[in-house]
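Read in order, the letters of the sequence shown are residues 17 to 252 in our numbering.
For reference, the structure discussed in these notes is given below.
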Amino acid sequence: MGEYDKSQETRHLREVHTYVLRAGRMTEAQKRDYAIHSARWCLPFQETILNFTDIFENTNPVTVEIGFGMGKATAEIAANNPDKNYLGLEVHRAGVGRLLGEIERRGLTNVRIIEFDALEVLSCMVPDGSLSAVHVFFPDPWPKKRHHKRRMMIRPRTDLIASKLAPGGYVYMATDWEPYGEEAWMELAMTEGLKSKYEGFAPRQAWRPETRFEQKGKAASHDIYELMFEKLPREG
Ligand SMILES: C[S@@+](CC[C@H](N)C(=O)[O-])C[C@H]1O[C@@H](n2cnc3c(N)ncnc32)[C@H](O)[C@@H]1O
């Protein structure tokens, strides 16, 4: 068992999903790309710990992106960083189809996808202390109070994320929903082993491409809030 404690409380939160699966429409291109390319770039969910060296055929550092949506940022970041590996997690099949198309068009070899609940993937498949980064760009804000328990960036979900980071690794979140940004900052600050790299919100990281949901937020005149927390070395 890793640092992440599968206690009753934890199990309860795992049963409350951070997403709602809607039967969203896929474009013909997304359907085609999914049909042709998923066997090559998607990994099945399974309750077995992954061996990243075997999967990526190298020992480069691995970043997990939770909820990549249409994969715009994923593909661009991966293309700009061929010496790093990216594992994208998303439950929305249209987005998986879209990212598969981008992987092929750009000739990327450093991206893999798992179409499954990111929390289950982290819990069951990702080795503790193995990630150099976790990206969470514009997670669903769940603005209604009764839905706050569905938010991704609250404990013990942040404990799980922290347990998968290597010392010196970081979790980087961006949101256009200020109250969620503030809550997530406090939750991450209270997560054992994490420390903010900045006193408050982080400055925009120049390398982070604008995402679809960021565009929507800006169109609604929302400001963008960025959070960057680092995994501290183990004590003792
Ligand atoms: C608001 S969208 C943001 C998408 C993208 N990152 C962007 O900025 O455009 C949030 C995405 O997270 C995905 N998501 C939420 N919870 C998830 C989970 N537990 N596992 C995988 N994907 C999840 C949703 O399906 C959705 O596509």
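We put the CB at the ideal spot given by N, CA and C, even for glycine.
Distances from the CA of Ile170 to each of Phe245, His53, Ala200, Pro159 were compared; the closest alpha carbon is that of Ala200.
The closest CA to that of Glu215, considering only Ala205, Trp223, Arg224, is found on Ala205. At a cut-off of 7 Å, the beta-carbon of Ala134 counts as near ligand 1: some heavy atom of the ligand is closer than that. With at least 16 other beta carbons inside 10 angstroms of its own, Ile129 counts as buried.
Between Ile82 and Val152, the gap from beta carbon to beta carbon is short of 8 Å. Between Asp144 and Lys100, the C-beta spacing is not below 8 Å. For Phe72, the CB stays at least 7 Å from every heavy atom of ligand 1.
Shown here, His151 sits in a strand according to DSSP, grouped into three states. Between Trp57 and Glu230, the alpha-carbon positions lie close to 26 Å from each other. The region 41 to 59 makes contact with the region 105 to 124; the number of CB pairs closer than 8 Å reaches 3 or more. Leaving aside the five residues that flank Asn96 on each side, the residues in its chain whose CB is nearer than 8 Å to its CB run, in chain order, Trp223.
Around the C-beta of Thr90, 16 or more other C-beta atoms lie within 10 Å, and the residue is accordingly described as buried. Look at Thr79 here: in three-state DSSP terms it is strand. Here the C-alpha atom of Arg121 lies approximately 18 Å from the C-alpha atom of Leu103. The bridge partners DSSP lists for Ala190 are Phe153, Glu242.
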